[in-house]
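K.L.:
Residue numbers (the working numbering), protein chains in the order written: chain A, 487 to 817; chain B, 487 to 817.
Please see the structure below; I have some questions.
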């Protein structure tokens, strides 16, 4: 039998285990033109929370009683089509199932001799592309500028900071524990990191960490952390909005200081994006990320959770910041 | 003697007459290299409110007990320098004085045979440039798209709407009286206009006026009107922030729905600007505006108030929307 995780009901606020349900189904049969895939690594990401609401977002909502989908690395265990052979590993947007078939559309072969398999979900996958293209295409960094990254200890944040440093900028991270503060400055090359949970005046802390002001604010969180950073932006600041994890679980419309006055007086540009918007740039970006990775210039942190049954909990733990870097479930 | 208007004290909230003080001083003496100017038309603009606060903004704050400055058309009545002769008319950022001298720096000659003098403060001046460049450089309109303009009955708003139509877009204005609604649709070629003061559900009204959604929101006001428009934006919407008149007089930090979720899910770009940011584009923009004006394709509305003594009241009246189009004082 084949284990499958479906959306049992839509989360109200923070997701909980009972939003998910495990069901069993017959093992799928591989038809001509299809491959049979065995799930190896499952990416759990904050943006999936948005798809669990019944509202139009940048991707359609998950349907009730249907399997959840996310980025997955799988092994081809049977192939009835020419593009893939048994033993290949592939990456794609797949369902939370132990086994599934695919017609191959949207699957990309990945090479475990080039990089470890899980990195195709991270530094060489959506995470790395989001960090690199969000920073370079929307943040438009210039050497010597100051970048602040929120959600800095997360998968995208740790990569944004390192790329900022590689491009000659000063990088300050905002994160949620002293342990992550240490990691950011020791392992990930950030110039400075701030624990927002223990900092009484975040606005002042950002000001003190960025004496020349903030030129780029790479925002993964929204909310009060962003208020504190925006109070310190420079003229012509760029504000890529990559995520808003602090707001995803709100059950009422979150309110905060209106942004128009600061956007206006600073001639600032705030731009939201999802990585699909920038797909034309993927090949060049992947090439650059691979080069940096091979030259050991980009470190990548993963929190690997073991076991298919733990996928929902790993996802829930994202909202408590229990991950350091990319959260991945090894099946 | 020479009448001068100085900043007597800084407004708290809405500006009032006692924030200004009239003083008399000796007529200035024209030194070598200088010109003596007689003020003819004075532009009063919402953005001046920001300069009356003692906070860093896009331009430095006015100093207490010093003259206010704004866009002015003046006549050269004495010249001791080669660039200007008696009888020339000039435009520049000048002080609220009946007479003043200048070394000529920043002054531009204007030709009253080409266009009426007041239009150099409006359609051919800062107002026209702000509308044209804000819309084309930041709004990036494509034929067939839908533009919503707030503060649509103001100087910039009426021009933005007409340019939007000239560029093949659908244009909807939001304004504050039925009279202005009529003007926008009859005189200024807007497809539709909404009186926000009498519309119970503005979000629904915008939705109904823009069945294909909003591609560009040219924002002059901020606040709740902007909330209603932003709830209707399309994927990849552009949001030039040109002004925030509804927020200028707030004495506490205004709050509202957080914008990051909509900016993110719509991959939208919100960009603040002041016209000085785009000065490299002035010559081409002026050429286009002049051509449209001469072809009678751009109508311009002015509210002309008579008398130097009425400058402060004319400025205050902007915040009650008493102007239709550009508010100008004829001295």
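For glycine and all other residues, C-beta sits at the position ideal for the given N, C-alpha and C.
#1: By how many angstroms is the C-alpha of residue 562 of chain A removed from the C-alpha of residue 506 of chain A?
#2: Is the segment 603 to 611 of chain B in contact with the segment 622 to 633 of chain B, if contact means three or more CB pairs nearer than 8 Å?
#3: Beta carbons nearer than 7 Å to chain A: which residues of the segment 755 to 766 of chain B have them?
#4: Quick check: what's the CA-CA separation for residue 778 of chain A versus residue 787 of chain A?
#5: Looking only at C-alpha atoms, which of A:807, A:668, A:733, A:645 sits nearest to residue 774 of chain A?
#6: By DSSP, does residue 744 of chain B sit in helix, in strand, or in coil?
#7: Just to make sure I have the definition right: I need the residues of chain B whose C-beta is within less than 8 Å of the C-beta of residue 749 of chain A. Which are they?
#8: Quick check: is the beta carbon of residue 742 of chain A nearer than 8 Å to any beta carbon in chain B?
#9: Within 8 Å (strictly less), CB to CB, does residue 745 of chain A reach chain B?
#10: Are the Cβ atoms of residue 611 of chain B and residue 809 of chain B separated by less than 8 Å?
#11: What residues of chain B sit near residue 510 of chain A, judged by a beta carbon separation below 7 Å?
#12: In the DSSP assignment, find the unbroken alpha helix (DSSP H) run with residue 769 of chain B in it and report its ends.
#13: Name the DSSP bridge partner or partners of residue 585 of chain B?
#14: Is residue 638 of chain B closer than 8 Å to residue 679 of chain B when the C-beta atoms are compared?
#15: Mind checking whether the beta-carbon of residue 602 of chain A lies closer than 7 Å to any heavy atom of the ligand SAM?
#16: Should residue 628 of chain A be labelled buried (16 or more other beta-carbon atoms within 10 Å of its own) or exposed?
#17: Does the CB of residue 733 of chain A have a neighbour CB from chain B at under 8 Å?
#18: In terms of residue numbering, what span does the alpha helix (DSSP H) encompassing residue 498 of chain B cover?
#19: Please list, in chain order, the chain B residues whose beta carbon lies closer than 7 Å to that of residue 628 of chain A.
#20: Spell out the partners DSSP gives residue 726 of chain B in its beta bridges.
#21: Name the residue from B:784, B:710, B:721, B:592 whose alpha carbon lies nearest to the alpha carbon of residue 741 of chain B.
#22: Can you list the residues of chain B that residue 739 of chain A reaches, using a CB-CB cut of under 7 Å?
#23: Leaving out five residues on either side along the sequence, give the residues of the same chain with a beta carbon under 7 Å from the beta carbon of residue 650 of chain B.
#24: Could you have a look at residue 679 of chain B and say whether DSSP puts it in helix, strand or coil?
#25: Secondary structure at residue 569 of chain B, three-state DSSP: helix, strand or coil?
#26: For the beta strand (DSSP E) that contains residue 493 of chain A, what are its first and last residues?
#27: According to DSSP, is residue 615 of chain A part of a helix, a strand, or is it coil?
#28: Roughly how many angstroms separate the alpha carbons of residue 510 of chain B and residue 726 of chain A, rounded to a whole number?
#29: Tell me which residues share the same chain as residue 749 of chain A and place their Cβ nearer than 7 Å to its Cβ, disregarding the 5 neighbours each side in the sequence.
#30: Do the segment 667 to 676 of chain A and the segment 695 to 712 of chain A make contact, defined as three or more Cβ pairs closer than 8 Å?
#31: Are the C-beta atoms of residue 771 of chain B and some chain A residue less than 8 Å apart?
#32: Between the C-alpha atoms of residue 724 of chain B and residue 623 of chain B, what's the straight-line distance to the nearest angstrom?
#33: On the three-state DSSP scale, how would you describe residue 557 of chain B?
#34: Per DSSP, residue 659 of chain A is paired with what?
#35: Might you give, ordered along the chain, the residues of its own chain that have their beta carbon closer than 6 Å to the beta carbon of residue 578 of chain B, omitting 5 neighbours on each side?
#36: Determine, using beta-carbon pairs with one atom in the segment 565 to 581 of chain A and one in the segment 522 to 531 of chain A, whether at least three such pairs fall under 8 Å.
P.N.:
Per the coordinate set shown:
#1: 27 Å
#2: no
#3: 755, 756, 757, 758, 759, 760, 763
#4: 15 Å
#5: A:645
#6: coil
#7: 727, 756, 757, 758
#8: yes
#9: yes
#10: no
#11: The premise fails here: residue 510 of chain A is roughly 35 Å from chain B at the closest Cβ pair, so nothing lies under 7 Å.
#12: 768 to 780
#13: B:524
#14: yes
#15: The ligand SAM is not among the ligands present in this structure, which contains no ligands whatsoever.
#16: exposed
#17: yes
#18: Run containing residue 498 of chain B: none; DSSP gives neither H nor E here.
#19: Residues of chain B passing the Cβ test: none, with the nearest at roughly 17 Å.
#20: B:757
#21: B:710
#22: 743
#23: 621, 627, 633, 657
#24: strand
#25: coil
#26: 488 to 493
#27: helix
#28: 52 Å
#29: 756
#30: no
#31: no
#32: 10 Å
#33: strand
#34: A:635, A:679
#35: 592, 593
#36: yes
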